[in-house]
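The sequence shown begins at 1 in the UniProt record's numbering and counts up by one.
A quick write-up on the structure given underneath.
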Amino acid sequence: MSQTSEASDQIGYDAPAAQEKWQRFWEENQTFVAHDDTDKSRRYVLDMFPYPSGDLHMGHAEAYAMGDVLARLWRMQGYEVLHPIGWDSFGLPAENAAIKNNTHPAEWTYKNIETQKTSFKRYGLSLDWTRELHTSDPEYYHWTQWLFLKFFERGLAYRKDSYVNWCPHDQTVLANEQVVNGECERCHTPVTKRKLNQWYFKITDYADRLLDDMSQLEAGWPDRVLAMQRNWIGRSEGALVDFVVEGRDEPITVFTTRPDTLYGATFMVVAPDSELASELVSDEQRAAFDAYHDQVKKSTEIERQSTQHEKTGVFLGRYAINPVNGERIPMWAADYVLSDYGTGAIMAVPAHDQRDLEFARKFGLPVRVVIDTGEADPAESGVATAGDGRYVNSGPLNGLADKQAGVAAALATLEERGTGKATVTYRLRDWLLSRQRFWGCPIPIVHCPKCGEVPVPEDQLPVELPHLRGADLAPKGTSPLAGDAAAAWRNVACPKCGADAQRDTDTMDTFVDSSWYFYRYCSPGFTGGPFRPEDVARWMPVQQYVGGVEHAILHLLYMRFFAKVLHDLGMIDFDEPMQRLLNQGQVINQGKAMSKSLGNGVDLGEQIDLFGVDAVRLTVVFAGPPEDDIDWADVSPASSLRFLQRAYRLATEVASPTDADYAAGDKALRQVTHKTIRDITELIAMGRFNVAIARVMELVNATRKTIDTGAGGADPAVREAVGFVAQALSLFAPYVAEEMWQLLGGEPSIASSTWPTADPGLLVTESVTMVVQVQGKVRAKLEVSPEISEAEATDLALADDNVQRALAGREVLKIITKLPKMVSIVPAKG
């Protein structure tokens, strides 16, 4: 017999039976279906949808419990609540499993979805299953393709040749955001560079709006997420400066945030993997450059950017002209400059930039101070000076001591000479969305030798994937859709001219799918577009989004970008889709991430079998603030189960009638109940779920004390208290709450009950006695509110006649308060 069954026998609560009973009830009665045709105010609570890689795990247990707390509370508060579910079902794991087992990825994907679906229902989540979606269904990716074509029409989807991040293991390109510490964020293989022709979304067109609109999110999103997005977008004000290159018709334009230091630019550096470097290198230096280029290809961008990385480089055999002083400065290729930074070239000011200084000292290049900060000469100290000071060696800037004035003067000189202008640049790069893999949304473009890139007509959407099996999916450096097995699918007539043409063989990054799925929940099954605008206007923006902080840049930035484009297309009337964001922490064990290799994995299914769903849900929510990590070694679902047994036992002891007059009950217990109603309502709104559970526990204790020392279960106040215990527990432990509610004679389901409002009259606390001491002797006893402030307590104490007589006009040196019980006054010696 399991621990759950043993406990159930003791208290009459059979957790497995309750789980089966109430799952069936909720499904048959459609308890959690969101209705469009209602006059109720609406709330939309959304969990980041899962990837179907296997059964639910401990991370799912925490994340989905958090969103369910809000969905259940809002429903009881009278809102019509949309709390949908779906699956982010395209992606590499399914494709890799298909290759291994020689199956189609859909077989692995939809089998896992059924497994997860069963577990989600078992977990007691208040989800609207009538709106379920899968991004790998043709009826879903039909509209992903439709949206791509709308972006294409607006010039926001385009192809270009460029060096891209390449994962040798997964044999596909990665967006910059998917490279973490120089490795593929999925498989942790070191990322290399490869030149390919790829599709991009022009997210950079929206950089300013993505930054500026964060002001709308400051009240509802975590500060660290907003900071991460601001840093990733990386807005920089500066100047574009033109450098004439000897022997080249076109000047080279570089970006600098400090045009005022141009007089200190003594050489230029070009990224060795840029087209510019290959073009500029002289014939005499070609062999040395090619060897150096091959060497650089073996380093990751993280290694190249590291401050510990030894500076390396090669002279290109070319010279540029400094536009402010006419100096002839050498041009070098060096790996600390990246090809996707601006034009791939920088002006080097070694006296005031540490990396430039280290390079200059290694290769014997000039170091010229142009801002005198009073520090040692960098050429001798080896430390660049980055502070403000007085301009020197800077022509017309000499003598200025204000940075803003120096920048303004430098910009005026550049603009007057036509060699530069003020500008703003961004760290953000366009979103690389092509993937050389099969299990993704096909890109709806046909490549015609006559017409070029031709959109697939809307009446021919969706472009469905062919039914390839594992043997045909093995990555070969190009998409499986470019292989022989997909030839019949790939070779088509051009929609425009009818000539022989080919479909695009790349598929879209799965982050495209997840950038708009929450709109689709508003219009399930709609065939006239991705969603009805009136449906989205009815439900959105989302009031609460729940998910991990690991998506702070990837998913959250992309879905914000999509919202702005949809707004510009006239499809939605807002441009920030998520009003509030809750990040949950990780569930770890023994101080480390759970791992089979470490032997510290915890199986969610086993925990549920041992302790029941309610105990597991209560444990993960009670363990700490939502954003904190939970160490499973430090928590106790067994303790949670014992608490639930105690709470359930209260319901079995209620003896007053269902229409009992609560006002006739024990006032002290009623005061605790109504303060708990107030506190929990406020705590849930603040996201302090763990503290709310602590308040429920306190109410259970107070109710037990009343039963044991008062009128027992016949006291109407006990019925009121236990009723609210059941309602509060329904947010965290829904099965036991339903059982308690039924015992109390409540109409099922408790999820449809009305959340109570605290009676203000019962929130007023009786006064307490505050002792006032002068030099350690009691001089007064005052009746005060238990919530009295320090200022109020001090004023009352000093105003008392007995206290004033004891002070006898002496100066008060110190007042010590231990509120609300005591005020101790220390006067000067008299």
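Glycine residues also receive a C-beta, built at the ideal position from the N, C-alpha and C atoms.
By the neighbour-count definition (other C-beta atoms within 10 Å, threshold 16), Pro-760 is an exposed residue. Tyr-519: member of the alpha helix (DSSP H) spanning 517–520, first to last residue. If you look at Ser-162, you'll find it isn't in any alpha helix (DSSP H); it sits in the beta strand (DSSP E) that goes 157–167. The beta-carbon distance between Val-456 and Val-463, rounded to whole angstroms, is 6 Å. This is short enough to meet the 8 Å contact definition.
Distances from the alpha-carbon of Phe-267 to those of Ile-346, Ile-113, Ala-685, Ile-630 put Ile-346 closest. DSSP places Asp-242 in the uninterrupted beta strand (DSSP E) bounded by 235–245.
Taking C-beta atoms under 8 Å as the contact rule, Thr-676 and Leu-699 qualify, at a distance of about 5 Å. For the pair of segments examined, the stretch 438–452 was found not to touch the stretch 261–279: the number of CB pairs separated by less than 8 Å stays below three. The three-state reading of DSSP puts Tyr-200 in strand, counting E and B together. Collapsing the DSSP output to three states places Glu-218 in coil. Taking 7 Å as the cut-off, the Cβ atoms of Pro-577 and Pro-541 count as close.
With fewer than 16 other Cβ atoms inside 10 Å of its own Cβ, Ser-381 counts as exposed.
Residue range 378–381 is occupied by the alpha helix (DSSP H) that includes Ser-381. The continuous beta strand (DSSP E) containing Glu-453 extends over residues 452–455.
If one requires a minimum length of 3 residues, the beta strand (DSSP E) runs lying completely within the stretch 241–302 are 252–256, 267–270, in chain order. Annotation: Tyr-545 is outside any alpha helix (DSSP H); the continuous beta strand (DSSP E) that includes it extends over 544–548.
With respect to the C-alpha of Gly-317, the residue from Leu-174, Cys-167, Val-245, Leu-604 having the closest C-alpha is Val-245. Here Gln-116 is near Leu-56, since their CB atoms are less than 7 Å apart.
With the rule of 3 Cβ pairs closer than 8 Å, the stretch 71–78 does not count as touching the stretch 87–98. Using a Cβ distance threshold of 7 Å, Ala-651 and Leu-729 do not count as a contacting pair. Around the beta carbon of Glu-139, fewer than 16 other beta carbons sit within 10 angstroms, so the residue counts as exposed. Secondary structure of Arg-230 (DSSP, three-state): helix. Unbroken alpha helix (DSSP H) stretches of 4 residues or longer found wholly inside the stretch 709–745: 716–730, 734–743, given in chain order. Rounded to the nearest whole angstrom, the C-alpha separation of Val-672 and Pro-50 is 40 Å.
Residues Leu-92, Trp-166, Arg-435, Gln-436, Arg-437, Pro-475 of the same chain have their beta carbon placed closer than 8 Å to that of Thr-172, with the five preceding and five following residues left out of the count.
Listed as beta-bridge partners of Asn-583 by DSSP are Gly-547.
Taking Thr-373 as the centre and dropping the five residues before and after it, the same chain places the C-beta of Thr-385, Gly-387, Gly-389 closer than 6 Å to its C-beta, in chain order. Every unbroken stretch of the alpha helix (DSSP H) spanning 4 or more residues and falling wholly within the stretch 369–413 is given here in chain order: 378–381.
If you draw a straight line from the Cα of Ser-523 to the Cα of Ala-711, it comes to about 54 Å. CA-CA distance, Leu-411 to Asp-377, rounds to 27 Å. Straight-line measurement puts the Cα of Gln-773 at about 15 Å from the Cα of Glu-811. By the beta-carbon neighbour count (other beta carbons within 10 angstroms, threshold 16), Cys-497 is exposed. If you draw a straight line from the Cα of Leu-762 to the Cα of Val-69, it comes to about 26 Å. If you draw a 10 Å sphere on the C-beta of Asn-322, you find 16 or more other C-beta atoms in it, and that means buried. Close CB contacts of Glu-310 within its chain, under the 8 Å cut and outside five residues either way in sequence, are absent.
Here Ile-608 is buried: its Cβ has 16 or more other Cβ atoms, across all protein chains shown, within 10 Å.
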